[in-house]
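Student:
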Amino acid sequence: MHHFIINPCAGNGCARKSWPKIQKQLHQLNVKYSYYLTTSSTDLKQHLRRQAQLKPTTIFVILGGDGTLYHSLNAVAFPTKLDVTLGYIPCGSGNDFAKAAQISNDPNKSLAQLLAQKTPHTLDLGYFKTSNHTGVFSNNLGLGFDARIVEMTNNSRLKKQLNKLHLGKFAYAACFFKALRRQKAFEVTVVSPDFPAKNFSHAFLCTITDQPYFGGGVELFPKARLDDGNLTLVVIEKKNLLNFLSIFLLMLLPGTYHLQARSLSFYITKQLELTTTAPQIIQVNGETFTFPPGDLRLEIKQQKFILADCKI
-7 MHHFIINPCA
3 GNGCARKSWP
13 KIQKQLHQLN
23 VKYSYYLTTS
33 STDLKQHLRR
43 QAQLKPTTIF
53 VILGGDGTLY
63 HSLNAVAFPT
73 KLDVTLGYIP
83 CGSGNDFAKA
93 AQISNDPNKS
103 LAQLLAQKTP
113 HTLDLGYFKT
123 SNHTGVFSNN
133 LGLGFDARIV
143 EMTNNSRLKK
153 QLNKLHLGKF
163 AYAACFFKAL
173 RRQKAFEVTV
183 VSPDFPAKNF
193 SHAFLCTITD
203 QPYFGGGVEL
213 FPKARLDDGN
223 LTLVVIEKKN
233 LLNFLSIFLL
243 MLLPGTYHLQ
253 ARSLSFYITK
263 QLELTTTAPQ
273 IIQVNGETFT
283 FPPGDLRLEI
293 KQQKFILADC
303 KI
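Number 81 in my numbering belongs to position 89 of the sequence shown; there are no gaps in the numbering.
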């Protein structure tokens, strides 16, 4: 049995428009299903957790963007972890998780991928904890510059306009230079059992990722995988503007040229702790909040997904 949970606002209405097409395909294939249209992130969490407790063998298929997936994962994970299987049909702006998991952005194709598989994959999630927030994420968690871009993009009218044209991922690029002017370098200390403690006095972008992509398809760390049991920390320092811009330009090229830059450091680990001395914006799967000065702890968790039978 499949239970579809639709965020009608995702992708500026992309999920709402896609759902009738998916329903038609389900009827043609004679697939038994139920569905629910959410009214808010709180409604989504309450509904998903309630149904997961009542029907734990059901496959819960999420229609929405990376933010919708974030709220769904946290509904399953807290206050206690529920042993359920999730599916996902991407209907958001960036759809970075879908790209990493090789899920088609075409609703009919992604449904076909979903229905073709019966055995779930176990994928990694990042678990984070601060003094005022706890959660899990499927994509990445960022402090500094990328979080600033996400915050500005989420509050921009341009994102809605581009979503109507199915060009939502370009909204992040449009806010790049505004965020560049507003974000300041900050100090962060990184501690992990897998490498010596490191202090960065001019950190500008600090991202912990579970997969290669961020910002609507930019390859931050091409070697990252959703099922390798690791998190990857990438820190870029801003010692001068030209150097920082050159690293971002290299990210747009195929390969790993940007990882060779002296102002970029990366670490692969299962557990780490970050300490900041000034408040920072944090983005988690495209959702933002303020991180006060203090400690941010991260480690690996896992979740069962129905995905295409392919190498991820």
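The beta carbon of each residue, even a glycine, is placed where N, CA and C say it ideally should be.
1. Start and end of the beta strand (DSSP E) containing L256?
2. At which residues does the alpha helix (DSSP H) containing T280 begin and terminate?
3. Between which two residues does the alpha helix (DSSP H) holding V68 run?
4. In whole angstroms, what is the alpha-carbon distance linking P284 and Q272?
5. Assuming contact is defined by CB atoms lying nearer than 8 Å, are D202 and G118 in contact in what I supplied?
6. Our contact map puts I298 next to T77 with C-beta atoms below 8 Å; I'd like the distance itself, whole angstroms only.
7. Report, in whole angstroms, the separation of the C-beta atoms of G208 and D138, which I expect to be a contact under 8 Å.
8. Based on the DSSP output, what are the partners of D287 in its beta bridges?
9. S184 by DSSP, collapsed to three states: which one?
10. List, from N- to C-terminal side, the alpha helix (DSSP H) runs of 4 residues or more that fit wholly inside the stretch 24 to 57.
11. So, at 8 Å on beta carbons, what are the nonlocal neighbours of K231 in its own chain, with the 5 sequence-adjacent residues on each side left out?
12. Indicate the three-state DSSP secondary structure (helix, strand or coil) for F314 in the structure shown.
13. So is L234 buried or exposed if we call it buried at 16+ other beta carbons inside 10 Å?
14. Check for me: the beta strand (DSSP E) holding N22 runs from which residue to which?
Tutor: This is what the structure gives:
1. L256 -> beta strand (DSSP E) spans 256 to 261.
2. T280: not part of any alpha helix (DSSP H); member of the beta strand (DSSP E) spanning 279 to 283, first to last residue.
3. Following the DSSP letters along the chain, one finds V68 inside the alpha helix (DSSP H) bounded by residues 58 to 69.
4. Spanning the two alpha carbons is a distance of roughly 7 Å.
5. Taking 8 Å as the Cβ cut-off, D202 and G118 qualify as a contacting pair.
6. At roughly 6 Å, the Cβ-Cβ gap stays under 8 Å, so I298 and T77 are in contact.
7. Not really, about 11 Å apart at Cβ, beyond 8 Å.
8. Beta-bridge annotation (DSSP): D287 is paired with T267.
9. It is a strand residue.
10. You should have 33 to 46.
11. Hits under 8 Å: H194, S255.
12. Not covered by the structure: residue 314. The range shown for the chain is -7 to 304.
13. By the neighbour-count rule (16 or more Cβ atoms within 10 Å), L234 is not buried but exposed.
14. Taken as a continuous stretch (DSSP letters only), N22 belongs to no beta strand (DSSP E), as it is neither H nor E.
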